Amino acid sequence: MKKAYLFAGQGQQFLHMGQDLAQEFESVSRIYEAASLQAGFDILNLNEEQLNSTEYTQAAVLTLNYAISTLIPNDAVYVAGLSLGEYNALVYAGVLSFSDALDLVLKRSKIMASALKDTGMYALLRTDIETVELAIKDLPIAICNHNTPSQIVVGGYLKDLEASVETLKEHGIKRIVPLNVSSVSHMYLMEDASKEFEETLKQYQYKTPNVDFINNVEAKVQTDDFVSSLSRQISHRTRLSETIQLMINQGVDQFVEIGPKGSLKSCVLAHDKSLEVHSIYDLETLKESESNAS
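Numbering-wise (the numbering used here), the sequence shown opens with residue 568 and increments by one.
Structure representation (structure tokens):
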């Protein structure tokens, strides 16, 4: 059996996340204390407004994911993460320390939060990547996330997204769902933010991964040049679907999603419903995972 760990990004965060784990494990409590001191705010006790603000959310999800990763077996043969979750994958693989990853994410979230206004993202469902690429070929929007074979997210300025709906429908794309996000990410409108963040990334050291790490922007195993890929991640589509398929092709038959709150599990099962997939995001799901392992 081959196991892969997938680290979740933001979007499924929930109030009080991490509190049950910190109460149960002294090691997790210490992680949150140190991370909160570094961040300058109490990561474990965010209110609802803070939790939905990128500057706070990214630090909170990163810390939860890391805390969980310290409580589970170190036995994955592949590791990856969606967007923000890629930083947790890099920590797991030994490329970055958690402290450096948190520092980068705090800076990344501020850059992303202030980058664009009046932008958004639409999920296109029950379609395929070829259909979407053809439909948007002459439109001022772009693919941001390729999550499953039939779920693709596009983004752009709100006015352009709204004007694109009829064209999308003409190409047979009937399920179009606006997402509750504050701004767009992972597309060319974020090029300036990508270049700004690249200068920050250059200030850190990156080690060779000790486990096969698959990046967002190419869906390939990566061993170096992390400054380039992490900066491009902000302005290029994420390729989760291709990442999952690559792992399946390499014989992975057990996936563990780490972090809130089950969305990556559904992405894996969209490829193959027979795969073994677990999600861990709180004390209860951690115990369930341990029970399944035994």
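C-beta atoms are modelled at their ideal positions from N, C-alpha and C, and glycine is treated no differently.
Fair warning: this is a prediction, and the values are worked out from it, not measured in the lab.
- Task: Taking the CB atoms as reference points, tell me whether Tyr-553 and Ala-709 lie closer together than 8 Å.
- Result: Residue 553 lies beyond the stretch modelled for the chain, which goes from 568 to 861, so this question has no answer here.
- Where Leu-582 falls, given that 16 or more other Cβ within 10 Å makes a residue buried: So Leu-582 ends up on the exposed side.
- Query: In chain order, which beta strand (DSSP E) runs of at least 3 residues are fully inside the region 722-802?
  - Reply: Secondary structure within the region 722-802: the beta strand (DSSP E) runs of 3 or more consecutive residues, fully enclosed, are 742-745 (chain order).
- Query: Does the region 648-663 come close enough to the region 689-707 that 3 or more CB-CB pairs lie under 8 Å?
  - Reply: Taking 8 Å as the limit for Cβ pairs, the verdict is that the region 648-663 does not touch the region 689-707.
- Message: Please state the DSSP three-state secondary structure of Gln-579.
- Response: In this structure, Gln-579 counts as coil in the three-state DSSP scheme.
- Message: Is it buried or exposed, Gly-648, if we count other Cβ atoms within 10 angstroms and call 16 or more buried?
- Response: By the Cβ-count criterion, Gly-648 is buried, with 16 or more other Cβ atoms from all chains shown falling within 10 Å of its own Cβ.
- Item | Completely contained alpha helix (DSSP H) runs for the region 686-714, where each covers 4 or more residues | Entirely contained in the region 686-714, the alpha helix (DSSP H) runs reaching 4 residues are, in chain order, 696-702.
- Message: Could you tell me the alpha carbon to alpha carbon distance between Val-644 and Val-720, rounded to whole angstroms?
- Response: Linking Val-644 to Val-720 through their CA atoms gives a straight-line distance of about 28 Å.
- If we call anything under 8 Å between Cβ atoms a contact, is Gln-580 one with Val-646? The answer is no: Cβ separation not under 8 Å.
- Query: What are the boundary residues of the beta strand (DSSP E) that Ile-847 is part of?
  - Reply: Its beta strand (DSSP E) spans residues 843-847.
- Task: If I'm right that Met-688 touches Leu-604 with Cβ under 8 Å, what's the distance once you round it to whole angstroms?
- Result: No, Met-688 and Leu-604 are not in contact; Cβ-Cβ is about 34 Å, not under 8 Å.
- Item | Nearest candidate by alpha-carbon position, reference Glu-765, set Ala-730, Arg-675, Ala-626 | The alpha carbon of Glu-765 has as its nearest neighbour, out of Ala-730, Arg-675, Ala-626, the alpha carbon of Arg-675.
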